[in-house]
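Asker:
Protein chains: 2
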Amino acid sequence: MKAETIAAWTLDPGGAIVPQVYALLREAIIRAELAPGDRISESEIAQACRVSRQPVREAFIRLAGEGLLVVRPQRGTVVTRIDYAAVLDARFLREAIEADIVKILAEAADEVVVADLRRQIEAQRAAGDARAFTRLDEGFHRTLADAAGKRGAWKLIEGLKSQMDRVRFLSLDRFRVEKLIEQHSAVVERIAAGDIGGANAAIRLHLRAILADLPEIEAAYPQHFDRPERGLPHPVNAPLALGSGDVGA
Amino acid sequence: MKAETIAAWTLDPGGAIVPQVYALLREAIIRAELAPGDRISESEIAQACRVSRQPVREAFIRLAGEGLLVVRPQRGTVVTRIDYAAVLDARFLREAIEADIVKILAEAADEVVVADLRRQIEAQRAAGDARAFTRLDEGFHRTLADAAGKRGAWKLIEGLKSQMDRVRFLSLDRFRVEKLIEQHSAVVERIAAGDIGGANAAIRLHLRAILADLPEIEAAYPQHFDRPERGLPHPVNAPLALGSGDVGA
DNA sequence: TGTACCATACTTCCATACTAGCTCCCGGCT
DNA sequence: AGCCGGGAGCTAGTATGGAAGTATGGTACA
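First to last, the sequence lines map onto chains A and B.
To convert, note that position 89 of the first sequence is 89 in the numbering used here; the numbers rise steadily by one, no gaps.
To convert, note that position 47 of the second sequence is 1047 in the numbering used here; the numbers rise steadily by one, no gaps.
Next comes the structure, spelled out in structure tokens:
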């Protein structure tokens, strides 16, 4: 792997080591500083962080659980390519979960929550660049989950997001922030109006838009992706993407 | 903890140790052989399994990730009580995900899949006891996910199921197997008919029925549960349970 | 009798040492 | 030249030891 990426990573010796190493590596992978296919080893990271192999190992296990690493016993650990199927799966799961979340919110629209969300959208409009927007976007969706009393759901989504976030990072300079903000706004207004079906449709539309240019990104960064064999593997995704489900509740 | 529970647990030295210890402990917790509140320690389990503490530790971490254990640094590790809120959260997530799964299936009803599911339902009818049914039930839901091309989704659901499974174990002799089978059948028939809304409603009804007697179970085994403070913590769950969402798509 | 304090035992967390297994390269053979 | 075998150098997996911190039980004191 690129040595400069991890040269002298320093971390707080006061706190627990494992989560720090985990966060550091996760960030590096999502930002593609650790590129797909890069091999990393426990001892290598341990040296860079000035800690023993043990906590690094535990961080590896967590990252492997999220599909960012593959640990092959006695062989080595590599950064996974972005699994096209896994990205779509993650989006599917997120869509299913967040769709039900906004339904809860629309059923009992809370003015305080709506006001908070509207304020967040204003902040998003004020955000300068795509990176700042991404951070605000994260907060927006977490707020939705919190407001619905589903903080546990968000914890799960966070894990799923890893794969999607890798794609988003690659498409940072590409996606139309204004459009996404408009979609956020649509979600909030449907919630405020108590329009369950509309809110449902709006969030589904939004979550599909996030990955709208996935094929484009894959074409631009083929080496970052695990190519799906064209045709076979995800026959159900295309129809889903068009006009699935209960959007018109 | 109860020493007899883990006396002389023996495992295959050929394979990897961690998953074996993990499976052993998970099973024991779900079957309430390790009861909520029981304290276990790395060294204790390590001795019982005749392995070192390290792999046990990693198994602990995984179990803690599923909410079955709580590891408190320098204090000890205890089996969690069944978190009432977490159970409802898990059900919520499962419902959201499986609802979208059956929608996919209903959109393009595959005769082969439907036939397979019908066969499974016959097997469920033939199952003697609740325990056998539980195993078949697991297969049924996994088949739904597989058929929709969402094997990844099932992997996620498996993790969520831990909490629900603990409840189900406690209610093994209680729940009406016939009713659940009828609900399975309803799901399949709605899928076969291409009735998206109906299939959606049927699976949601079913997943809510699984935990129908949760309050009863909690009353019967109060020491197994983390009591929610009555009223406050899950205001959104009650309305959800009644008539939420897009069932009437 | 009740309370504050301290020694001790036990916990997890991290570091270090050792084991087993895969890869790859290099030398010898065909 | 091409192929096969063996060993060196990696890797992760497991074992063990030490450090830091917490609960606990006993003891001295008010």
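The beta carbon of each residue, even a glycine, is placed where N, CA and C say it ideally should be.
A quick note: this is a predicted structure, and the numbers were derived from the prediction, not measured.
Can you have a look at G15 of chain A and say buried or exposed, based on whether 16 or more other CB atoms are within 10 angstroms of its CB?
Answerer: G15 of chain A should be labelled exposed.
Asker: Name, in chain order, the residues that DSSP records as bridge partners for G76 of chain A.
Answerer: Paired residue(s): A:R72.
Asker: Would you list the residues sitting across from R1039 of chain B in a DSSP beta bridge?
Answerer: B:V1078
Asker: Mind checking if D89 of chain A is an interface residue toward chain B, Cβ cutoff 8 Å exclusive?
Answerer: Using beta-carbon distances, D89 of chain A counts as an interface residue toward chain B, with a partner under 8 Å.
Asker: Is the Cβ of A96 of chain A closer than 8 Å to any Cβ of chain B?
Answerer: yes
Asker: Is the Cβ-Cβ distance between L1214 of chain B and V1087 of chain B less than 8 Å?
Answerer: yes
Asker: Counting only C-beta atoms, is A1099 of chain B closer than 8 Å to chain A at any point?
Answerer: yes
Asker: In chain order, what residues of the same chain lie with their CB nearer than 6 Å to the CB of A148 of chain A, ignoring the 5 residues before and after it?
Answerer: I101, I104, L105
Asker: Under 7 Å Cβ-Cβ, which residues of chain A neighbour G1152 of chain B?
Answerer: Around G1152 of chain B, the beta-carbon contacts reaching into chain A at under 7 Å are A86, D89.
Asker: Is F175 of chain A closer than 8 Å to R81 of chain A when the C-beta atoms are compared?
Answerer: Against a cut-off of 8 Å, the Cβ pair of F175 of chain A and R81 of chain A comes out as no contact.
Asker: Measure the beta-carbon distance from Q20 of chain A to L11 of chain A and round it to whole angstroms, keeping in mind my assumption that it falls under 8 Å.
Answerer: Confirmed, about 4 Å.
Asker: Just how far apart, CA to CA, sit I1198 of chain B and A209 of chain A?
Answerer: Reading off the sequence, residue 1198 of chain B comes out as Gly, not Ile. Cα to Cα, G1198 of chain B sits roughly 28 Å from A209 of chain A.
Asker: Starting from the beta carbon of F1092 of chain B, find every residue of chain A whose beta carbon is closer than 8 Å, and list them in chain order.
Answerer: D100, K150, A153
Asker: Given that I191 of chain A touches chain B, what residues does it touch there, using C-beta distances under 9 Å?
Answerer: Result: empty, since nearest Cβ-Cβ is about 13 Å, beyond 9 Å.
Asker: Pop quiz: V1018 of chain B and E1058 of chain B are said to be a contact at Cβ under 8 Å. What is the actual Cβ separation, rounded to whole angstroms?
Answerer: 5 Å
Asker: Taking Cβ positions, are D1262 of chain B and G1065 of chain B nearer each other than 8 Å?
Answerer: In this structure chain B extends from 1001 to 1249, so residue 1262 of chain B is not present and cannot be described.
Asker: What three-state label does DSSP hand D146 of chain A in the structure shown?
Answerer: helix
Asker: Can you find a C-beta in chain B that's less than 8 Å from the C-beta of E44 of chain A?
Answerer: no
Asker: With D1110 of chain B and G152 of chain A assumed to form a contact (beta carbons below 8 Å), what rounded beta-carbon distance in angstroms separates them?
Answerer: That pair is no contact at about 33 Å.
Asker: Give a yes or no on whether the minimum CB-CB distance between E1058 of chain B and chain A is below 8 Å.
Answerer: yes
Asker: By the criterion of Cβ-Cβ separation under 7 Å, what are the contact partners of L1156 of chain B in chain A?
Answerer: L93
Asker: Just the C-alpha distance for Q120 of chain A and A32 of chain A, rounded to the nearest angstrom, thanks.
Answerer: 28 Å
Asker: Note the first and the last residue of the continuous alpha helix (DSSP H) segment covering R1117 of chain B.
Answerer: Here residue 1117 of chain B turns out to be Leu, not Arg, going by the sequence shown. Taken as a continuous stretch (DSSP letters only), the alpha helix (DSSP H) holding L1117 of chain B covers 1111-1126.
Asker: Can you grab the Cα-Cα spacing for the pair R1062 of chain B / S171 of chain A, in whole Å?
Answerer: 33 Å
Asker: Applying a beta-carbon distance threshold of less than 9 Å, which residues of chain A neighbour I1203 of chain B?
Answerer: Those do not exist, as I1203 of chain B stays about 12 Å from chain A at its closest Cβ, beyond 9 Å.
Asker: Which same chain residues end up closer than 7 Å to V1177 of chain B when comparing Cβ atoms and leaving out the 5 residues on each side of it in sequence?
Answerer: A1130, F1133
Asker: Would you say R166 of chain A faces chain B, with C-beta separation under 8 Å as the test?
Answerer: no
Asker: Leaving out five residues on either side along the sequence, give the residues of the same chain with a beta carbon under 7 Å from the beta carbon of G1076 of chain B.
Answerer: Within the same chain, R1039, S1041 come within 7 Å of G1076 of chain B by CB-CB distance, once the 5 residues on both sides are set aside.
Asker: Name the residue from A:A219, A:E98, A:Q47 whose alpha carbon lies nearest to the alpha carbon of I157 of chain A.
Answerer: A:E98
Asker: Are the beta-carbon atoms belonging to Q1124 of chain B and I1203 of chain B less than 8 Å from one another?
Answerer: Taking 8 Å as the cut-off, the Cβ atoms of Q1124 of chain B and I1203 of chain B do not count as close.
Asker: Beta-carbon within less than 7 Å of W9 of chain A's beta-carbon, same chain only, minus the 5 sequence neighbours each way: which residues are those?
Answerer: L24, A48, C49
Asker: Which residues in chain A have a C-beta closer than 7 Å to the C-beta of E1061 of chain B? List them in chain order.
Answerer: One detail in the question is off: residue 1061 of chain B reads as Ile in this sequence, not Glu. Ordered by position in chain A, the residues that pass the 7 Å Cβ test against I1061 of chain B are E58.
Asker: Enumerated in chain order, which unbroken segments of the alpha helix (DSSP H) with a length of 4 residues or greater are wholly contained in the segment 176-212 of chain A?
Answerer: 177-192, 196-210
Asker: Out of B:I1217, B:A1212, B:R1227, B:P1222, point me to the one whose CA is closest to R1091 of chain B's CA.
Answerer: Looking at B:I1217, B:A1212, B:R1227, B:P1222, the one whose alpha-carbon comes closest to that of R1091 of chain B is B:A1212.
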